[in-house]
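Encoded as structure tokens, the structure appears first; notes follow it.
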Amino acid sequence: MNRFLLTGATALALLCSGAAQAQQRIKIELWQGLTGDLGSAVEEVCQRFNDSQKEFEISCPTQGSYDSAVQNAIAAFRAKKQPTIVQVFDAGTLDLMLSEAFVPARKLMEENGYKIDWTNYFPGIANYYANSKGELYSFPFNSSSALFYWNKDAFAKIGKTEAPKTWQEVEAFARALKSAGYECPMAINYDTWTLLEQFSAIHGEPIATKDNGYGGLDAELVINKTKFVDYIKFMKKGLDEGLFKIKLPETGANIVQAFASGECQMTMTSVADHGTVGKTAKPEMKWSVAMLPVMEGTKRLNSLVGGASLWVLNGKSKDEYRAAAAFLNFIAKPESELFWSTRTGYIPVTKTGFQHLKEQGFYDKPQYKGREIALESLTASEVTPVSRGIRLGGFIQIRKEMRDALSDIFAGKVSVEDGINAAVERSNAVLRRFEKTYAGKQLL
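Each residue of the sequence shown is one higher than the last, beginning at 1 in UniProt numbering.
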């Protein structure tokens, strides 16, 4: 009896000790903007970190959207209730930079004893979140670029075995598909990330003065004076002739759904949608991906990174910063990047992560084959002042202005020139308000 009581008491003591240790874990929060399956994937990353050690614990609640994640974090910061880490999408980068509400990535890691090879991050990804000296302010996380998706079965019926490399070929292939009985040769929407930002980058066309805003807050949009105007005329002509079709949720299917179902035979979207197509397309459907087409005679430059990065906010304790540094070091490990790329359609952000995926045969597996093309697109050239990225204030609103313009243009409500000119005028007004708000601030 005594032995039993002693053993039970000892077990109870150990249990209480374990519970106390668990309670002593340093806890932090990461506010994310993803939802659904991708939001669940972030939570799995956080749980993997929690399971990997006993000192720290991170929780990763979703805020419902990228916009909400940024807005909620700003409101919480003012109330001194901010999370330690917040996920900020590409369009919100400058807003965070000028807020001075963050701890720079390099400073955080150095102060917590981590030696990071910052050159290990792919330049096409890192430059979007770095200052003019190339120093990262935030940590690249869910990164992507745009790809061209094409239906190999449909292409076989028109005698084609490769994706179009130019937009002129896209038009010719679309005509052939139309003649072969396909009602929707290509699905498009009003997404400025593919239609404007990616097009401009790979064609070496500026979106704004001052090297797309990197040179100062007094930048102005110039897209009404570039090849973008001719490109939108090309897209409008394709729509008018039934070669391209607008696909939106309100029309019954978005571009990814329209492609995966076999309704439309070509589209442009993020590599992050690669997994969705693979999961939802009919098993017998043969499809593939390629780099985005360019206009004939174009020397291709690198595409732009999309997605989001992780920012560490000011006003937290040394222990919370130790936890944040440990977590950010954990997700940058090759093994973590393999999990992330396997679980989602996102690409590795470091060279060692990419090499690890290749060594594990990741890109040889049918369900993942082709995702490496996104990295090939991001590294297609040395980064130039116009293919580095976009650093414009109020860029979330500017994207909306451009989406509205494209909607009106494609619906025939305004001419291409008038629609783009009006959007540029409205967007430049946004830039001037932003400049006034941050008067006296200098981009580092």
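Every residue, glycine too, gets a C-beta built ideally from N, C-alpha and C. This one's a predicted model, so the numbers in the text were calculated from it and none came from an experiment.
Asked	Found
Three-way DSSP call (helix, strand, coil) for Ile-390 in this model	coil
Residue environment, Asn-2, which counts as buried when at least 16 other CB atoms sit within 10 Å	Per-residue confidence for Asn-2 stands at a pLDDT of 44, beneath the threshold of 50, marking its modelled position as unreliable; no derived number is given.
For Val-277, three-class secondary structure by DSSP	helix
Selection from Thr-62, Ser-99, Thr-280 and Leu-30 that minimises the alpha carbon distance to Ser-40	Thr-62
Where the alpha helix (DSSP H) through Trp-311 begins and ends	Segment 306-313 is the beta strand (DSSP E) holding Trp-311; no alpha helix (DSSP H) there.
Contact test: Lys-369 Cβ vs the ligand ATP heavy atom, cutoff 7 Å	This structure does not include the ligand ATP; it has no bound ligands of any sort.
Lys-236 burial status per 10 Å Cβ neighbour count (16 or more: buried)	buried
Spatial neighbours of Lys-160 in its chain, beta-carbon cut-off 7 Å, leaving aside the 5 residues before and after	Phe-173
Collapsed DSSP secondary structure at Lys-245 in the structure displayed	strand
Limits of the alpha helix (DSSP H) - the one that Thr-84 falls within	Note, Thr-84: premise wrong, no alpha helix (DSSP H); not H, not E.
Ranges of the alpha helix (DSSP H) found wholly within the segment 191-221, counting only runs of at least 4	199-202 and 209-212
Best match in Val-416, Gly-33 and Ile-28 for proximity to Lys-225 [C-alpha to C-alpha]	Val-416
Segment contact flag, the segment 46-66 with the segment 115-127, C-beta cutoff 8 Å, min 3 pairs	no
Residue 468, buried or exposed, once every other Cβ within 10 Å from all chains shown has been counted against 16	For residue 468 there is no data in the structure shown, the boundaries of the chain being 1 and 444.
Candidates Gly-278, Phe-228 and Thr-84, of which the one nearest Leu-196 by Cα	Phe-228
Run of the beta strand (DSSP E) containing Asn-142, from where it starts to where it stops	139-144
Cβ pair count under 8 Å reaching 3, the segment 393-401 against the segment 90-98	yes
Which of helix, strand or coil DSSP assigns to Glu-435	helix
Range of the contiguous beta strand (DSSP E) that encloses Met-109	Segment 105-111 is the alpha helix (DSSP H) holding Met-109; no beta strand (DSSP E) there.
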